[in-house]
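Trainee: Residue numbers (the numbering used here): 1 to 185.
Think of the CB as a built atom: it goes at the ideal place given N, C-alpha and C, for glycine as much as any other residue.
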């Protein structure tokens, strides 16, 4: 999978954004599986949960919800908040840091401009879990600077009209999805 994604984007995929058109896709599982596909023994992979409305990556990693991305953004990156190593597979994980909160309060063009590069400095590869596109534009903001953008769909649950709408939203921002991830659960 890693080789296919890197061939599609014509360069090493250091920053991968996983988008879903709606909440029909369990993206925490998909991000975790992408981390497994990209993992190697020489360089760390950081999984970041930006879905502050419905966080879930911390559960896969068996970590606490806080401290996390929200606390780090609240303090403008100071003091430095180190991502936590997951109990399995040695991923670095940055939990969302809160739940039931509008991610746009913390994640906007200005904050992404400084925090995305700061997190990229923590690991060789960063895989971003974003809120569904029909609920928040955070994924589009992150996708603008990513090496690869993957659209997650769940066969039998994700409507084609939602996928088409998500593709139009990305196209309006000048972004083309690198590929599609089918998520079964």
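For residue 138, I'd like the list of residues in its chain whose CB is within less than 6 Å of its CB, leaving aside the five on either flank, ordered along the chain.
Mentor: Here the question's residue 138 lines up with position 138 in the chain shown. Hits under 6 Å: 50, 103, 107, 130 and 131.
Trainee: Check whether the Cβ atoms of residue 181 and residue 30 sit closer than 8 Å, and answer yes or no.
Mentor: Counted from its first residue, the chain shown places residue 181 at position 181. Counted from its first residue, the chain shown places residue 30 at position 30. Cβ atoms of residue 181 and residue 30: closer than 8 Å.
Trainee: Note down the Cα distance separating residue 65 from residue 95, rounded to an integer number of angstroms.
Mentor: Within the chain shown, the letter at position 65 stands for residue 65. Within the chain shown, the letter at position 95 stands for residue 95. The straight-line gap from Cα to Cα measures roughly 6 Å.
Trainee: Leaving aside the five residues before and after residue 110 along the sequence, list all residues of the same chain whose C-beta is less than 7 Å from its C-beta, in chain order.
Mentor: Sequence index remark: in the chain shown, residue 110 carries index 110 (1-based). Once the five neighbours on either side are set aside, residue 110 has no close Cβ partner at all.
Trainee: Along the chain, which unbroken stretches of the beta strand (DSSP E) at least 3 residues long are found entirely within the segment 94–139?
Mentor: 125–129
Trainee: On the DSSP letters alone, give me the boundaries of the alpha helix (DSSP H) that residue 34 sits inside.
Mentor: Stepping through the chain shown from its first residue, residue 34 is reached at position 34. Per DSSP, residue 34 belongs to the alpha helix (DSSP H) from 27–38.
Trainee: How about residue 171 and residue 17: are their beta carbons less than 8 Å apart?
Mentor: Position 171 of the chain shown, counted from the start, is the residue given in the question as residue 171. Position 17 of the chain shown, counted from the start, is the residue given in the question as residue 17. Contact: no.
Trainee: If you measure from the beta carbon of residue 112 to each beta carbon in chain C, is any gap under 8 Å?
Mentor: No chain C appears in the structure shown, which is made up of a single protein chain.
Trainee: Please report the straight-line C-alpha distance between residue 92 and residue 37, rounded to a whole angstrom.
Mentor: Translated into positions along the chain shown, residue 92 becomes position 92. Translated into positions along the chain shown, residue 37 becomes position 37. So the alpha carbons of these two residues sit roughly 15 Å apart.
Trainee: Terminal residues of the continuous beta strand (DSSP E) containing residue 46?
Mentor: Taking the chain shown and counting its residues from 1, the one referred to as residue 46 is at position 46. Residues 45–49.
Trainee: Leaving out the 5 sequence neighbours to the left and right, which residues in its chain are closer than 6 Å to residue 135 when beta-carbon positions are compared?
Mentor: As a working mapping, residue 135 is identified with position 135 in the chain shown. There are no such residues.
Trainee: Within the continuous beta strand (DSSP E) that includes residue 148, where are the two ends?
Mentor: On the chain shown, residue 148 is found 148 positions in, with the first residue counted as 1. Its beta strand (DSSP E) spans residues 148–153.
Trainee: Pull up the distance between the alpha-carbon of residue 45 and that of residue 57, whole angstroms please.
Mentor: Here residue 45 refers to the residue found at position 45 when the chain shown is read from its first residue. Here residue 57 refers to the residue found at position 57 when the chain shown is read from its first residue. Looking at the two C-alpha atoms, the distance is approximately 14 Å.
Trainee: Closer than 6 Å by C-beta to residue 86: which residues in its own chain qualify, once you throw out the five before and the five after it? Chain order, please.
Mentor: By 1-based counting over the chain shown, the position of residue 86 is 86. In the same chain as residue 86, and ignoring 5 residues on each side of it, the C-beta atoms closer than 6 Å to its own belong to 61 and 93, in chain order.
Trainee: So residue 142 and residue 112 are supposed to be a Cβ contact under 8 Å. How far apart are they, rounded?
Mentor: Position 142 of the chain shown, counted from the start, is the residue given in the question as residue 142. Position 112 of the chain shown, counted from the start, is the residue given in the question as residue 112. Contact holds; Cβ gap of about 6 Å.
Trainee: Do residue 19 and residue 152 have their C-beta atoms closer together than 8 Å?
Mentor: As a first step, residue 19 is located in the chain shown; it is residue number 19 there, counting from the start. As a first step, residue 152 is located in the chain shown; it is residue number 152 there, counting from the start. Contact flag set, yes.
Trainee: Output the boundary residues of the alpha helix (DSSP H) element that contains residue 161.
Mentor: The residue labelled residue 161 in the question sits at position 161 within the chain shown. Here the alpha helix (DSSP H) through residue 161 covers 160–172.
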